[in-house]
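Below: one structure, written as structure tokens.
Residue numbers (this note's numbering), protein chains in the order written: chain L, 1 to 544; chain R, 545 to 912.
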């Protein structure tokens, strides 16, 4: 009899257990081939047992060896629950099952390293927006509009808006004439595809998103814009007229900007905007991270880096104050594009967000073209789990705080507010967007939901979240050419387009009952909350 | 739905014309009040056109408070008209104890001040008096402006007219311009300040309908100008936006329509003046209105305007003869006072135009 070695890791310690039904297995091996994590393998099951047969039982010893599929009881090859085995099995013989008794959180730090993963927070999945409903419906005193028949004008500004008293307008008889320059402002669809870089995403996934953006703009007349993320842009795109749909991101690592700068003389059109990333809701204050495993040759070429883990520092080096940030980064980026391109800033939502926003609003250069706030429920391609789960700030109240701070000063609308971090977390991004707009956002940014539309199966209950490993089973967050091919670019783009078209229709379905044909920015009176604490905090009606 | 109306006449007309314009529109209506602003006065006020006229309804204590304040601040009363009211029983009116219509001369130190400084003084004085009376619930100050008289009361419009003897046409109350409305607020509390027409620095406005961007407008307007106060009604937003565009920004009148109901972006892009229109839409996004509504406005120079929401969800009609132009929510009102006009000249403004009626009765249709 063997002694039990209690420190040994068994399948029951892992987060997911493979449920295998040998009686249905055809032993095709597809599941093993499909598992990018090596969590299962083909093994020989040896059976050696006495068998009694005949009318007078006569014992014989039978030896049988059967090929079976087994799960590895190894932390480094733990099943992540992605379900690719189940997806590919022709006979429903195998599937992962969540293990309630998992000891993974204790075991994963065994080499003294913090846990790293992708996805979004798995601890803070509370849904403030679900306790809010659109409760001010046009009935009798004013008519609701018809979402199918009436026209709706759903556009949001991106760029520094000048207050009316300071517009360079001269009166010429009955006309106003422009007699000076104003900062560039783009009126775009109130939905921006958030900044996921080539590197975090596979080039094919990134391509699928750009295809969707192109299609939405040119065939559906929805001016949706996409942020490049910090990882450069393919030269061909920079030299194409589709470049106007892109928002170029610059973060503290400046990855990809060498090539962007070199491409400038060849750009046919300006990009939509520049987005300076200061922080990210998923891992605020922790900088960017692209693990070496994902720095493939094409990523090295795009970013001009060797194969190594790429850290973007938590701060932009050399910026020691917000005023200086405005002068150095905003002005230089504005100047780089001849003051024709709005330069916005993205920060992680924080207890200090209002102070940041106030500083930007009061900046005498009037140079900041947008304030992107990213909440704790935003996603990431790679982060320390402690950051994902334990740092950040819920977006809803922080967005509201910023809007109300602007209202108190009469400055609302001057620096457009774009909010993200969990938009569409439960599937309906239009409802989330509408409520955020009523609370003061000009528009919303989405990321995670886009890759979920491409086929990502990760969720905030710990499923997969292995975007950092280069083993993405869906081909979305990997740089492995073999895995990338799993993603059908055209079908992925089609999914995204379909979703945005439905988003557009749903947004109209929400605007029509409150009788608005343009975006109800700041129309908090249209919302009621069934949670008194939420109602009090956001300054909206409580209803029960 | 409120009914609103206005009259611009070459010859001064009595309030009874405005009453006839409105009462014929009252079918199925709650007839809960009467409110009018008269401008370019004749009759009792003819000789005091340059002296600011204070219109208020208050208690006896309210009169004392106002007397003290005006004296302390150097205003000199030079004329007063006290309506000789008819207190016959059975009239549906919630009358205030005192109605005061007084012309004042400016304080001595304002004798050589600019027009703008005088306008600021009148506004600040009205706001101060309003605050003073509100503290003890002692009454309401509706307007304090040269050549402008405001009368508002709660009750049946016909009875209110009887009470103030407005049917008598005794030539004491006459004016070339009247903006009128016959209803109290039906959505919210009945507050005298919530009954339009509203008045601010020479601008008068009444609205029929809803402004579903009330919260958004209010939050923005509160910090734009010290006179944008109250917000007892979502219709006040229109007055404040009108005042802001014309008085503060000093933009031509046609841009008011572009501010409150901007063109869709797709249309803006096709226009030669798109850059101006986009700037306006950007900077004044929070003054956009939504919902079904029609407004009638009167400017400091007595020009009248009317326009509708961007989907024309509420009606309005403009009609004229040789001596008068009238605007009304329903054409039956106009038929009452101008039965012999050429109806083919009636104008039913569309959702993309702003009608401007000048003092010589020229009608200008500004296409958006």
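Note that beta-carbon positions come from the ideal geometry of N, C-alpha and C, so glycine has one too.
Does any residue of chain L bring its CB to less than 8 Å from the CB of residue i?
{"i": "residue 775 of chain R", "result": "no"}
{"i": "residue 830 of chain R", "result": "yes"}
{"i": "residue 816 of chain R", "result": "no"}
{"i": "residue 835 of chain R", "result": "yes"}
{"i": "residue 759 of chain R", "result": "yes"}
{"i": "residue 643 of chain R", "result": "no"}
{"i": "residue 857 of chain R", "result": "yes"}
{"i": "residue 735 of chain R", "result": "no"}
{"i": "residue 764 of chain R", "result": "yes"}
{"i": "residue 854 of chain R", "result": "yes"}
{"i": "residue 756 of chain R", "result": "yes"}
Take the Cβ of residue i as the centre, count every other Cβ of all protein chains shown within 10 Å, and call the residue buried at 16 or more, exposed below.
{"i": "residue 904 of chain R", "result": "exposed"}
{"i": "residue 249 of chain L", "result": "buried"}
{"i": "residue 197 of chain L", "result": "buried"}
{"i": "residue 674 of chain R", "result": "buried"}
{"i": "residue 737 of chain R", "result": "buried"}
{"i": "residue 764 of chain R", "result": "buried"}
{"i": "residue 265 of chain L", "result": "exposed"}
{"i": "residue 508 of chain L", "result": "buried"}
{"i": "residue 408 of chain L", "result": "exposed"}
{"i": "residue 544 of chain L", "result": "exposed"}
{"i": "residue 349 of chain L", "result": "buried"}
{"i": "residue 696 of chain R", "result": "buried"}
{"i": "residue 622 of chain R", "result": "exposed"}
{"i": "residue 726 of chain R", "result": "buried"}
{"i": "residue 171 of chain L", "result": "exposed"}
{"i": "residue 523 of chain R", "result": "Past the boundaries of the shown model lies residue 523 of chain R; chain R is included only from 545 to 912, so the question cannot be answered."}
{"i": "residue 438 of chain L", "result": "buried"}
Against chain R, with Cβ distances strictly below 8 Å, would residue i count as a contact?
{"i": "residue 409 of chain L", "result": "yes"}
{"i": "residue 142 of chain L", "result": "yes"}
{"i": "residue 412 of chain L", "result": "yes"}
{"i": "residue 94 of chain L", "result": "no"}
Among all the DSSP beta bridges, which residues are the ones paired with residue i?
{"i": "residue 62 of chain L", "result": "L/49"}
{"i": "residue 645 of chain R", "result": "R/599, R/625"}
{"i": "residue 68 of chain L", "result": "L/43"}
{"i": "residue 748 of chain R", "result": "R/743, R/842"}
{"i": "residue 110 of chain L", "result": "In the DSSP output, where bridge partners are listed per residue, residue 110 of chain L has none listed."}
{"i": "residue 518 of chain L", "result": "L/153"}
{"i": "residue 374 of chain L", "result": "L/348, L/420"}
Along the chain, where does the alpha helix (DSSP H) containing residue i start, and where does it finish?
{"i": "residue 311 of chain L", "result": "Unbroken run through residue 311 of chain L is the beta strand (DSSP E), 310-312; no alpha helix (DSSP H)."}
{"i": "residue 334 of chain L", "result": "331-336"}
{"i": "residue 851 of chain R", "result": "That residue, residue 851 of chain R, is in no alpha helix (DSSP H); its beta strand (DSSP E) goes 848-852."}
{"i": "residue 451 of chain L", "result": "448-454"}
{"i": "residue 261 of chain L", "result": "257-263"}
{"i": "residue 686 of chain R", "result": "No alpha helix (DSSP H) contains residue 686 of chain R, which is instead part of the beta strand (DSSP E) from 683-690."}
{"i": "residue 701 of chain R", "result": "701-707"}
{"i": "residue 555 of chain L", "result": "The structure shown does not extend to residue 555 of chain L, since chain L is modelled only from 1 to 544, so the question has no answer here."}
{"i": "residue 26 of chain L", "result": "First-last for residue 26 of chain L: undefined, no H or E at that position."}
{"i": "residue 358 of chain L", "result": "353-362"}
Just reading off the beta strand (DSSP E) that residue i is part of, what are its end residues?
{"i": "residue 16 of chain L", "result": "16-20"}
{"i": "residue 118 of chain L", "result": "116-119"}
{"i": "residue 299 of chain L", "result": "Note, residue 299 of chain L: premise wrong, no beta strand (DSSP E); alpha helix (DSSP H) at 297-303."}
{"i": "residue 418 of chain L", "result": "417-420"}
{"i": "residue 808 of chain R", "result": "That residue, residue 808 of chain R, is in no beta strand (DSSP E); it is neither H nor E in DSSP."}
{"i": "residue 556 of chain R", "result": "548-557"}
Answer yes if the segment 690-704 of chain R comes into contact with the segment 566-578 of chain R, meaning at least three C-beta pairs across the two stretches below 8 Å, and no otherwise.
The segment 566-578 of chain R and the segment 690-704 of chain R touch, with no fewer than 3 CB-CB distances between them shorter than 8 Å.
Using 8 Å as the cut-off, can you tell me whether the segment 132-139 of chain L makes contact with the segment 523-533 of chain L, which would need three or more C-beta pairs spanning the two stretches below that distance?
Touching, yes.
Do the segment 54-66 of chain L and the segment 108-115 of chain L make contact, defined as three or more Cβ pairs closer than 8 Å?
no
Count the CB pairs spanning the segment 324-333 of chain L and the segment 135-146 of chain L that are closer than 8 Å, and state whether there are at least three.
no
Check whether the segment 605-614 of chain R and the segment 656-665 of chain R touch, using three or more Cβ-Cβ pairs below 8 Å as the test.
no
Stretch pair the segment 494-501 of chain L + the segment 119-131 of chain L: three plus CB contacts closer than 8 Å:
no
Any chance the segment 88-106 of chain L sits against the segment 48-60 of chain L, with 3 or more Cβ pairs inside 8 Å?
In short, these stretches do not touch, since the Cβ pair count stays below three.
The segment 826-834 of chain R in contact with the segment 752-763 of chain R per 3-pair CB rule at 8 Å
Counting Cβ pairs under 8 Å, three or more are found: they touch.
Inter-stretch contact (C-beta, 8 Å, three-pair minimum) for the segment 453-464 of chain L and the segment 269-278 of chain L
no
Is there contact between the segment 515-524 of chain L and the segment 473-492 of chain L, where contact requires at least three CB pairs shorter than 8 Å?
no
The segment 558-565 of chain R in contact with the segment 666-673 of chain R per 3-pair CB rule at 8 Å:
With the cut-off at 8 Å, the segment 558-565 of chain R and the segment 666-673 of chain R do not touch.
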